[in-house]
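A.B. asks:
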Amino acid sequence: MFCIMFDIKKGLNKFYIGETEENTLAEVILSDTSKDIIRIEHTFVGEKLKGKGAGKLLIRKVVDFAIEENKKIIPVCVFAKKEFDKNKEYESVLYKND
């Protein structure tokens, strides 16, 4: 599978692909439940980008952001949960309620 490069931008509680934060082609919606935890609430990919890896790249961007900011992630949306299940390297940022 080849990977298309997308310009992923940071918005208010989201990362997105598109011209503006209000008019996105794809986005991942986040919420901070605490200073150290990010919840991935929803992932959306519009028809133009479906099947091109945009959703996976958005989740990867959130993981990279969590690593940089020393935060943990709770993947709430189904797509994010599947990506975390498939990618064992994401375990380092997965929030575990011990």
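Residues in the sequence shown are numbered from 1 upward in steps of one, following full-length UniProt numbering.
Backbone N, C-alpha and C fix where the C-beta goes; we use that ideal spot for every residue, glycine too.
1. Given a cut-off of 9 Å, decide if T43 and F79 are closer than it, judged by their beta-carbon atoms.
2. Looking at the unbroken alpha helix (DSSP H) that takes in E41, where does it start and where does it end?
3. Can you tell me the Cα-Cα spacing of S31 and I37, whole angstroms?
4. Measure the Cβ-Cβ separation of I74 and I40 and say whether it is below 9 Å.
5. Starting from G11 and walking both ways along the beta strand (DSSP E), at which residues does that stretch end?
C.D. replies: According to the data block:
1. Indexing the sequence shown from 1 puts residue 79 at position 79. Indexing the sequence shown from 1 puts residue 43 at position 43. F79 places its beta carbon less than 9 Å from that of T43.
2. Within the sequence shown, the letter at position 41 stands for residue 41. It is not in any alpha helix (DSSP H) - E41 instead sits in the beta strand (DSSP E) that spans 37-45.
3. The sequence position of residue 31 within the sequence shown is 31, counting from 1. The sequence position of residue 37 within the sequence shown is 37, counting from 1. Those two C-alpha atoms are separated by around 9 Å.
4. Counting from one through the sequence shown, the residue named residue 74 turns up at place 74. Counting from one through the sequence shown, the residue named residue 40 turns up at place 40. In this structure, I74 sits near I40, with a CB-CB distance shorter than 9 Å.
5. To locate residue 11, count along the sequence shown from 1; it is residue 11. Taken as a continuous stretch (DSSP letters only), the beta strand (DSSP E) holding G11 covers 8-11.
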